[in-house]
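For the sequence shown, our numbering gives the first residue as -9, with consecutive numbering after it.
For glycine and all other residues, C-beta sits at the position ideal for the given N, C-alpha and C.
Reading through the structure tokens given below for one structure.
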Amino acid sequence: MKIRISCSIVFACLPLIASASGEGELLGYDSQAAGVQRDWEQKFQDGISADNIRENMRRLSARPHNVGSAYDKDNAEWILAKFKSWGFDAKIEKFEVLFPTPKTRVLELLEPTRFRASLQEPALAVDPTSGQTAEQLPTYNAYSADGDVRARLVYVNYGSREDYEELARLGISVQGAIVIARYGEGWRGIKPKVAAEHGAIGCIIYSDPAGDGYFQGETYPAGGWRSKQGVQRGSVMDTDYPGDPLTPGVGATTDAKRLSLAEAKTITKIPVLPISSGDALPLLAALGGPVAPKAWRGALPVTYHVGPGPALVHLQVASNWDVKPIYDVIATLPGTQDGDQWVLRGNHHDAWVNGAEDPISGQAEMLEEARVLGVLHAAGWTPKRTIIYCAWDGEEPGLLGSVEWVETHVAELQQHAVSYLNSDSNGRGFLFAGGTQDLGVLVSEVARGIRDPETPFSVYERARLSDIAEAKSADERADLRKRQDLPIEALGDGSDFTAFQDFAGISTLDLGFGGEEAGTQYHSIYDSFYWYTHFADTSFVYGRALAQVAGTAMLRLADAPFIPVDYAPQAEAIGKYEDELEALLKQKQDEYTERDLELREGVFVATVDPRKPLIAPPVEPVPPFMSFAPLKNAINALQISASRYSKALAAYRAKGSPLLAASALKKLNADLLRVSRAFLNEKGLPERPWFKNQIYAPGAYTGYGAKPIAAVREYMDQRQWLKAEGQVPQVAQAVANAAANIDQAAQDLEAALAP
Ligand SMILES: [Zn+2]
């Protein structure tokens, strides 16, 4: 989702132009160090081999390697040996986590006809690993509650809160019903959560061909899209906190204090099961009731009805609720000069099945980065800061490996961590960069220097031009053309950056290429080496490009005399998030005022077909005006401080980027290291205390994507306006703290430059 960039405070527009460094400059480097750095970076980029990435993928995706499987552990040990052979100081950190696996899965249509769902993805002769049946996890949703229920079926579209409002207008309740929702539009765990909140007793999630099947393109194995038998496995953990459900907030070490299963808040309230479009078709075909609203219809060859019934469904789900070991591989290349500052990099290694794309396309390239860093090390290069590569286990069930590791090491991380760079699945096409915008100038500088493998552009230019092509307005296009840095989209959760950013307050980047794969087999047995090498980044040139971008960013972060951050894009983004809160309030005030007027005028009675009755929307009280003043004042201070730091950077460059005194660098780095931590509040979000970051967090009812300033925004979305306003001072305080830290850094840099 792209949002128009606005400058609510005129002053804030200045650093937008001043922030990106000029040609030949490297943010954070004196001119002499920059020259040396460029040589090492060139060697690094030249050393990356697409063939090695392919061979890493062949090995790591050769067998199913979910949490608790033999090959998961085998992969971790193989990765460990690789890191060691490349000169890293590497070890495995083991945790013990709750990981349910299926014991019973039944889905039957009992009325008006009988049908039993296959719940199977058949092996394909052409795809050699698809037949490794004995090692494959069956199709299921992890952390579904156990249950055995029989009820009428209701189709709920994506199963969002808005979808249930629409159902209410059709006069349909899901109380006591089993719902069937299609995949898409946010985190799958939201679907059973919202269904249970509305009184449903079971939830089925299916893959509609409109989303990732034959409506999009040829299906597997003729093409790359999901076939009618393909199923998306996945976790349905609730959104209170990620990681092991039994050890919220602390590492799941052997001796950790654990909740009982009954106490764990993140297990669903009702049984959930994912199915293929082939299994869904007879169920949807057996629904009566109103025809589904236009936007709810998918691409199955049936008229979509909402129900309830006459379809009567039996759903039974039971799991083995075992605690299983997970194996994080942590590999360190100690820094020489500023070894107590850590630059971290991670990608998970566990998959639902073979996981060639998710996550091995990312893991395979990350390992190639580490190999070439080892080659550089052997040739005489040593990082200034300590580099830590992390191959996480247990990401798929709920970010288990990274969350438990961060929870275990949070005190050290908050003292030492400069940044965390994440990747996960990689495809082909356009560079995506999400994260905290203080790293936006750095990643843009890096991306300008990497050639797109299939077009004449740099990966930076290609991403920028695609943003322009997708822009919704002339204003947005004009803003994009003016920018000298890639817009960095805020992240919520959905991969291993979550604990670093949302819990520990560490600057974060998430990188990958995508947009031009010929399909997806997300979380299916068909996400295999055969599939990937026929339909995704078939020649691994985008794997190579990602290794070049991510590895160069790691080198740049690890070696810079002072930490290469620029806060102007971040201050601008946070200003935009606040603008969005005000715009949302205004929009809701206008919407409810208009709705009230139309109800009184009789618009609804007059326009609804009397033979297809529709219940008028409820009268909503018009939201009161809210005061955002403390937040606006704090953001103003942030923008002034960020601008001051950007100007100090410009002054540094204007002086020819001189070598700074060691004592000045030490002070400056210490101050820069503190800034991103200032966005935390130890109390966390009002109803999700695990999430400490006051700017970056996922939505409680959307998941994946960011809901910036969630403390305020979440209450606004729940129409609790006074509670929302009550959160403003707390967020403002965090922003003001960050502003003060940036101001201190600016003062340090100015002092270092003073004659
Ligand atoms: Zn993944």
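- Just mark residue 631 as buried or exposed, buried being the case when its beta carbon has 16 or more other beta carbons within 10 Å. Using a 10 angstroms sphere on the CB of residue 631, the tally of other CB atoms reaches 16 or more, which defines it as buried.
- Going by the C-beta, is residue 386 closer than 8 Å to any heavy atom of ligand 1? Under cutoff, so the answer is yes.
- Message: Does residue 691 come out as helix, strand or coil in the three-state DSSP assignment?
- Response: Residue 691 falls in the coil class under three-state DSSP.
- Message: I need the boundaries of the alpha helix (DSSP H) containing residue 723, first residue and last residue.
- Response: Bounds of the alpha helix (DSSP H) holding residue 723 are 711 to 743.
- Using the beta-carbon count (16 or more within 10 Å), is residue 138 buried or exposed? Looking at its Cβ environment, which holds fewer than 16 other Cβ atoms inside 10 Å, residue 138 is exposed.
- In its own chain, which residues sit with a C-beta less than 8 Å from the C-beta of residue 77, not counting the 5 before and 5 after it? In its chain, beyond the 5 residues on either side, 323, 364, 367, 368 have a beta carbon closer than 8 Å to the beta carbon of residue 77.
- Query: Would residue 519 pass as a contact of residue 344 if the rule is Cβ separation under 9 Å?
  - Reply: Contact: yes.
- With DSSP as the reference, please indicate the residues paired to residue 85 in a beta bridge. Answer is 316, bridged to residue 85.
- Cβ neighbour criterion (16 or more within 10 Å) applied to residue 652: Around the C-beta of residue 652, fewer than 16 other C-beta atoms lie within 10 Å, and the residue is accordingly described as exposed.
- Hey, how far is the Cα of residue 28 from the Cα of residue 542? When rounded, the distance between both Cα atoms is 10 Å.
- Item | Selection from 183, 267, 193 that minimises the alpha carbon distance to residue 227 | Among 183, 267, 193, the Cα nearest to that of residue 227 belongs to 183.
- Message: Considering only heavy atoms of ligand 1, does any lie closer than 8 Å to the CB of residue 348?
- Response: Checking every heavy atom of ligand 1 against the Cβ of residue 348, one is found closer than 8 Å.
- Compute the minimum distance between the beta carbon of residue 415 and the heavy atoms of ligand 1, and state whether it is under 8 Å. At least one heavy atom of ligand 1 lies less than 8 Å from the C-beta of residue 415.
- Task: Run the CB neighbour count on residue 251, radius 10 Å, all protein chains shown included, and call it buried at 16 or more, exposed below.
- Result: Here residue 251 is exposed, its C-beta having fewer than 16 other C-beta atoms within 10 Å.
- Using a Cβ-Cβ cut-off of 8 Å (strictly less than) and excluding sequence neighbours within five positions of residue 213, which residues of its own chain qualify? Within the same chain, residue 213 has close Cβ partners 207, 508, 509, 525.
- Message: Our contact map puts residue 296 next to residue 274 with C-beta atoms below 8 Å; I'd like the distance itself, whole angstroms only.
- Response: Cβ atoms of residue 296 and residue 274 stay farther apart than 8 Å, at about 10 Å.
- Item | Burial state of residue 602 (16 or more Cβ within 10 Å) | Classified as exposed, residue 602 has fewer than 16 neighbouring CB atoms from the shown chains inside 10 Å of its CB.
- Distance between residue 194 and residue 155 (C-alpha atoms, nearest Å): The alpha-carbon separation between residue 155 and residue 194 amounts to approximately 19 Å.
- Item | Backbone CA spacing between residue 387 and residue 224 [nearest angstrom] | Residue 387 and residue 224 have their C-alpha atoms spaced approximately 7 Å apart.
- Message: Measuring alpha carbon to alpha carbon, tell me which residue in 628, 191, 357, 484 is nearest residue 560.
- Response: Of 628, 191, 357, 484, the residue nearest in Cα terms is 628.
- Message: Taking a contact to mean a Cβ-Cβ separation below 9 Å, would you say residue 547 touches residue 409 in this structure?
- Response: Yes, the Cβ-Cβ distance between residue 547 and residue 409 is below 9 Å.
- Item | Beta-carbon spacing of residue 79, residue 468 below 9 Å | It is not a contact, given that the beta carbons lie outside the stated cut-off.
- Query: What are the residues that DSSP puts in a beta bridge with residue 50?
  - Reply: Residue 50 is not bridged to any residue.
- Task: Determine contact between the segment 98 to 117 and the segment 416 to 433, defined as no fewer than three beta-carbon pairs at a distance below 8 Å.
- Result: Result no; under three Cβ-Cβ pairs closer than 8 Å.
- Message: Is it buried or exposed, residue 493, if we count other Cβ atoms within 10 angstroms and call 16 or more buried?
- Response: The residue is buried, with at least 16 neighbouring Cβ atoms inside 10 Å.
- Query: Quick one: complete beta strand (DSSP E) runs, 3+ long, within the segment 240 to 309?
  - Reply: Fully enclosed beta strand (DSSP E) runs of 3 or longer: 262 to 265.
- Measuring alpha carbon to alpha carbon, tell me which of 307, 131, 356 ends up nearest residue 532. Of all alpha-carbon atoms in 307, 131, 356, the one lying nearest the alpha-carbon of residue 532 is that of 356.
- Task: In angstroms with no decimal places, state the Cα-to-Cα distance between residue 142 and residue 164.
- Result: Cα to Cα, residue 142 sits roughly 9 Å from residue 164.
- Item | Beta-carbon contacts of residue 268 that lie in its chain and below 7 Å, excluding the five residues immediately before and after | If we look at residue 268 and ignore the five residues flanking it on each side, its Cβ neighbours are 218, 219.
- By the 10 Å Cβ neighbour count, where 16 or more other Cβ atoms means buried, how is residue 270 classified, buried or exposed? Result: buried.
- Message: My output table needs one value for residue 393: the three-state DSSP class, helix, strand or coil.
- Response: In the structure shown, residue 393 sits in a helix (DSSP, three-state: H, G or I).
- Task: Look at the alpha carbon of residue 381 and the alpha carbon of residue 728, and state the distance between them as a whole number of angstroms.
- Result: One C-alpha to the other measures close to 31 Å.
- Item | Rounded distance between the beta-carbons of residue 620 and residue 718, thought under 8 Å | About 6 Å separates the two Cβ atoms, so the contact holds.
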